[in-house]
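A.B. asks: Residue numbers (full-length UniProt numbering), protein chains in the order written: chain Y, 1 to 433; chain G, 1 to 433.
There are 2 protein chains.
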Amino acid sequence: MAFVVLRESMSTVQCVLVASADAGVSTQMVRFATSLSKESIVDVEGVVSLPKEPLKATTQQVEIQVRKIYCINRAIPTLPINLEDASRSEAEIEKAEQAGEKLVRVGQDTRLNYRAIDLRTPANQAIFRIQCQVENKFREYFLSKNFVGIHSPKLIAGSSEGGAAVFKLQYNGQPACLAQSPQLYKQMAICGGFERVFEVGPVFRAENSNTHRHLCEFVGLDAEMEIKEHYFEVCDIIDGLFVAIFKHLNENCKKELETINRQYPFEPLKYLEKTLKLTYEEGIQMLKEAGTEIEPMGDLNTEAEKKLGRLVKEKYGTEFFILYRYPLAVRPFYTMPCYDNPAYSNSFDVFIRGEEIISGAQRIHLPELLTKRATECGIDASTISSYIESFSYGAPPHGGFGVGLERVVMLFCALNNIRKTSLFPRDPQRLVP
Amino acid sequence: MAFVVLRESMSTVQCVLVASADAGVSTQMVRFATSLSKESIVDVEGVVSLPKEPLKATTQQVEIQVRKIYCINRAIPTLPINLEDASRSEAEIEKAEQAGEKLVRVGQDTRLNYRAIDLRTPANQAIFRIQCQVENKFREYFLSKNFVGIHSPKLIAGSSEGGAAVFKLQYNGQPACLAQSPQLYKQMAICGGFERVFEVGPVFRAENSNTHRHLCEFVGLDAEMEIKEHYFEVCDIIDGLFVAIFKHLNENCKKELETINRQYPFEPLKYLEKTLKLTYEEGIQMLKEAGTEIEPMGDLNTEAEKKLGRLVKEKYGTEFFILYRYPLAVRPFYTMPCYDNPAYSNSFDVFIRGEEIISGAQRIHLPELLTKRATECGIDASTISSYIESFSYGAPPHGGFGVGLERVVMLFCALNNIRKTSLFPRDPQRLVP
């Protein structure tokens with residue numbers, strides 16, 4: 001008999017003992033059980049048994065013959081969203097509509113307003129378990145390659161490394177902002193002798209981007225490492241890391257992936273054992289041949305990236321690839337120029353299903369060159385002097401990259417909205433719950 | 001021969017080829033090598049060999065017979081702090097002083113001002129590798145107990161769960177603040193069906209506490225779990241977790257611990273295989289017997305905690321213990337009262353070497369009781385209605401705890417200042433680097 005002890009906490013709840021009959025389930029208990037509102041928390045005492053006939057509509061192989069039911073915490077009679085409605089796939093809803101039946105469609109905003117209920121859907125339970133696995137594999141891979149996990153401050157003076165808009169605040173009377181990346185700090189950790197570092201932590205962007213792929217706060221997976229000979233050493237880490245993650249998810253998270261697939265159908269991600277690397281020039285040449293002209297020293301827009309993703313999938317059979325050697329002009333000032341042609345840079349982006357997920361590069365470790373590049377990019381070098389100075393105390397060549405955890409999960413599972421892979425998403429309109 | 005390839009990045013550096021003699025080291029190369037400023041980055045080409053006589057003043061077992069030296073990045077001639085000075089123990093300095101020699105003592109603030117150099121000391125390299133191991137073991141233990149790793153938002157509306165001072169900011173025109181703990185969100189994740197969750201992430205406290213143990217930003221290790229029968233289930237997790245962490249550090253990080261010990265000598269932490277649990281009443285009784293009177297329904301101050309730590313160490317031979325069943329009045333409003341005496345609570349603190357590192361409790365999962373307790377504590381329940389409401393959609397009994405990563409490392413290694421275990425610490429006076 002599986003006996004559930006009366007909880008200490010229950011002294012403060014109304015406990016109803018329903019049936020104590022030794023055999024069978026009393027009518028009184030059935031009446032009590034059916035009177036409980038959906039999503040109430042109960043303790044059940046009963047006998048675990050193997051059913052004679054297989055159970056329908058479930059994957060469970062055993063059943064419990066209930067002797068007693070205690071209500072631990074009663075949910076309100078009418079929940080703001082119904083779990084059954086929230087768990088339904090679009091296909092089911094459309095099928096019902098064709099049959100003339102109207103099923104409730106729970107919108108993305110309503111889901112997020114009642115996230116504590118919405119998170120209980122099988123798909124959401126699977127999504128966040130997958131997310132946890134991605135992070136685990138990320139950490140495991142880095143630790144196996146002698147990276148050290150660090151934590152850099154999120155409260156910083158000034159305005160982070162420039163670029164994207166920052167959240168500003170007062171720090172004991174000093175102007176401060178929230179780090180929009182751990183860029184400067186992971187570089188300082190490399191200067192500090194750690195050789196290879198990684199960080200998992202929040203990243204803040206005060207951008208007014210209302211898209212399916214932008215958040216104002218997301219989880220950054222960042223890495224920075226000494227480069228011994230060539231910045232492809234960083235690309236090799238990305239290759240090994242993501243192939244390991246993809247393989248791990250496909251092999252060890254089958255149940256979760258199937259569960260997500262039931263509500264949000266998707267095709268498994270196509271990737272190669274050895275990740276494809278194309279130069280930026282090769283990329284724009286492929287686009288040109290397909291009728292899309294790109295400014296050779298400019299950048300790819302989202303549409304061009306999508307199209308390139310399709311072309312690469314057709315030609316090489318992969319939806320995961322690295323595009324490297326970007327024009328210097330479209331990268332941040334701290335990006336190392338190519339040694340053979342300073343119009344290009346030792347940099348790269350990485351794409352999944354035609355969407356950029358990683359940006360990375362070799363960084364300039366030479367104070368003079370860093371000053372020169374900042375000035376060329378219109379940045380007053382004196383405002384970033386402490387950053388530049390930190391490379392004058394002995395700084396090894398190094399490079400790294402950053403990737404958003406939510407984007408990896410969204411694109412691996414081909415979900416249509418990054419809000420589906422953030423536990424409590426923050427976008428320009430949403431700060432609650 | 002260990003050949004070091006010319007780096008791409010070197011095209012932008014002055015590369016000096018010093019010697020190409022096939023045998024021996026030329027005078028020219030020696031002159032070049034000695035002219036290099038300390039902490040410059042070099043590539044060395046040479047032959048690895050086993051020395052005939054053991055090498056002095058080093059633990060290395062091999063040497064490299066240098067054929068070529070390339071300077072990759074030259075450090076400035078005079079560094080703001082000298083690594084040799086920064087690596088010295090207080091004992092060495094005092095010994096030298098007694099012999100009439102004056103050695104440089106690098107102060108804590110100077111170290112932090114030049115953290116990129118200071119981090120290169122053997123002790124600092126060891127401290128942050130230990131910190132990474134603590135986090136790894138924390139995650140590993142939780143994953144083995146079926147906890148799911150989550151990431152809750154740090155940008156939140158209103159003022160977190162009340163209590164400590166918060167950093168305020170504007171979020172697209174709305175008042176927002178930085179989370180001072182993931183409390184509400186980890187509870188919502190439990191309501192969201194995850195059963196057991198943990199989080200590693202930054203925690204922000206706008207407190208003007210200038211002590212050896214407070215930071216304005218630190219790394220929180222948090223956990224929350226469903227309670228099946230008794231909140232001791234949470235204590236059991238803490239027991240298992242910390243004993244596993246301590247054991248792991250002692251067994252697998254011997255080298256790092258020895259390195260820290262050389263600069264900052266400390267006694268290994270005394271702990272028991274099964275963690276000691278004392279009630280708050282037993283604790284104040286021990287203090288009373290030792291001459292310190294504590295208000296029975298009040299709280300322990302830092303001094304009393306220190307003294308209790310000493311008494312427990314003497315009596316039970318452990319510096320790690322759990323004190324439970326605190327008076328309800330000294331705990332947050334969401335703490336579950338004891339079922340047998342509501343003047344006490346289902347709560348606990350955990351101590352290492354006489355300093356509190358963990359605070360935890362069973363939380364109230366019943367909306368009515370939560371409203372009642374908030375009101376009794378002078379909190380207007382309408383201001384936290386969405387928090388209270390979230391327990392009306394079906395919420396299981398649950399509890400959890402939070403611990404600061406920096407404090408665990410500081411206290412395990414008996415370091416005297418939490419700034420030593422934060423990579424780039426933030427205190428009321430410090431926002432840089």
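No residue lacks a Cβ here, since even glycine has one placed at the ideal position from N, Cα and C.
Between the alpha carbons of residue 260/G and residue 42/Y, how many angstroms are there, rounded?
C.D. replies: 51 Å
A.B. asks: Please classify residue 196/G: does DSSP put it in a helix, a strand, or coil?
C.D. replies: strand
A.B. asks: As a quick exercise: from 390/G, 88/G, 39/G, pick the residue whose alpha carbon is nearest that of residue 265/G.
C.D. replies: 88/G
A.B. asks: Taking the beta strand (DSSP E) that residue 361/G belongs to, which residues open and close that run?
C.D. replies: 355-363
A.B. asks: Under a three-way DSSP split, which group does residue 23/G fall into?
C.D. replies: For residue 23/G, the predicted structure reports a pLDDT of 45, less than 50, and the residue's modelled location is therefore unreliable. A value from the coordinates is still provided. Three-state result, residue 23/G: coil.
A.B. asks: List, in chain order, every chain Y residue whose beta-carbon is nearer than 8 Å to that of residue 260/G.
C.D. replies: Simply none; closest approach about 15 Å.
A.B. asks: Within 10 angstroms of its Cβ, does residue 34/Y collect 16 or more other Cβ (buried), or is it exposed?
C.D. replies: exposed
A.B. asks: Take residue 181/Y as the anchor and find which of 90/Y, 201/Y, 407/Y has the nearest alpha-carbon.
C.D. replies: 201/Y
A.B. asks: Does residue 217/G come out as helix, strand or coil in the three-state DSSP assignment?
C.D. replies: strand
A.B. asks: So, does the CB of residue 151/Y fall closer than 9 Å to a CB anywhere in chain G?
C.D. replies: yes
A.B. asks: Is the distance from the Cβ of residue 157/G to the Cβ of residue 112/Y below 9 Å?
C.D. replies: no
A.B. asks: Contact criterion: CB-CB distance below 9 Å. Does residue 420/Y meet it with respect to chain G?
C.D. replies: no
A.B. asks: Within the region 300-339 of chain G, note down every full alpha helix (DSSP H) run reaching 4 residues or more, in order along the chain.
C.D. replies: 302-316
A.B. asks: Considering just the uninterrupted stretch of the beta strand (DSSP E) at residue 248/G, what are its terminal residues?
C.D. replies: Residue range 232-252 is occupied by the alpha helix (DSSP H) that includes residue 248/G, with no beta strand (DSSP E) assigned at that position.
A.B. asks: When DSSP labels each residue in this structure, what does residue 122/G get in the three-state scheme?
C.D. replies: helix
A.B. asks: Please tell me whether residue 413/Y has its Cβ less than 9 Å away from any Cβ of chain G.
C.D. replies: no
A.B. asks: When DSSP builds the beta bridges, which residues end up paired with residue 223/Y?
C.D. replies: 198/Y, 401/Y
A.B. asks: Contact check, residue 193/Y vs residue 115/G under 8 Å by CB: the rounded distance?
C.D. replies: At roughly 11 Å, the Cβ-Cβ gap does not stay under 8 Å, so residue 193/Y and residue 115/G are not in contact.
A.B. asks: Kindly indicate if chain Y contains any beta-carbon less than 9 Å away from that of residue 118/G.
C.D. replies: Residue 118/G counts as touching chain Y.
A.B. asks: Might you give, ordered along the chain, the residues of its own chain that have their beta carbon closer than 7 Å to the beta carbon of residue 416/Y, omitting 5 neighbours on each side?
C.D. replies: 212
A.B. asks: For residue 106/Y and residue 78/Y, what's the separation of their Cα atoms in angstroms?
C.D. replies: 15 Å
A.B. asks: For residue 276/Y, report the span of its beta strand (DSSP E) as first-last.
C.D. replies: 276-279
A.B. asks: Residue 430/G bridges to which residues according to DSSP?
C.D. replies: Residue 430/G is bridged to 427/G.
A.B. asks: Between residue 282/Y and residue 351/Y, which are expected to be in contact by the criterion C-beta below 8 Å, what is the C-beta distance as a whole number of angstroms?
C.D. replies: Incorrect: roughly 14 Å between the Cβ atoms, too far for contact.
A.B. asks: Given residue 239/Y, which residues of its chain have a CB within under 6 Å of its CB, disregarding the five upstream and five downstream residues?
C.D. replies: 275
A.B. asks: How do the region 318-329 of chain Y and the region 292-299 of chain Y stand: do at least 3 beta-carbon pairs fall below 8 Å, yes or no?
C.D. replies: yes
A.B. asks: Considering only the beta carbon of each residue, do residue 134/G and residue 249/G sit closer than 9 Å?
C.D. replies: yes
A.B. asks: Hey, out of 168/Y, 185/Y, 61/Y, 65/Y, whose CA is closest to residue 26/Y's CA?
C.D. replies: Ranking the options by Cα distance to residue 26/Y, first place goes to 65/Y.
A.B. asks: Quick one: complete beta strand (DSSP E) runs, 3+ long, within the region 82-135 of chain Y?
C.D. replies: none
A.B. asks: Provide the residue(s) that pair with residue 33/Y in DSSP beta bridges, ordered along the chain.
C.D. replies: Partner(s): none; residue 33/Y has no beta bridge.
A.B. asks: Among the candidates 391/Y, 389/Y, 273/Y, whose CA atom is the shortest distance from the CA of residue 321/Y?
C.D. replies: 273/Y
A.B. asks: Please tell me whether residue 21/G has its Cβ less than 9 Å away from any Cβ of chain Y.
C.D. replies: Low local confidence applies: a pLDDT of 45 at residue 21/G is under 50, so the model's placement there is unreliable, and no value is given.
A.B. asks: Short check: CB of residue 179/Y to CB of residue 207/Y, under 9 Å?
C.D. replies: At a Cβ-Cβ threshold of 9 Å, residue 179/Y and residue 207/Y do not count as neighbours.
A.B. asks: I'd like the span of the alpha helix (DSSP H) that includes residue 367/Y, first residue to last.
C.D. replies: 367-376
A.B. asks: By Cβ distance below 8 Å, which residues in the same chain neighbour residue 344/G in space, the five residues on each side in sequence not counted?
C.D. replies: Once the five neighbours on either side are set aside, the close Cβ partners of residue 344/G are 280, 325, 326, 327, 328, 337, 338.
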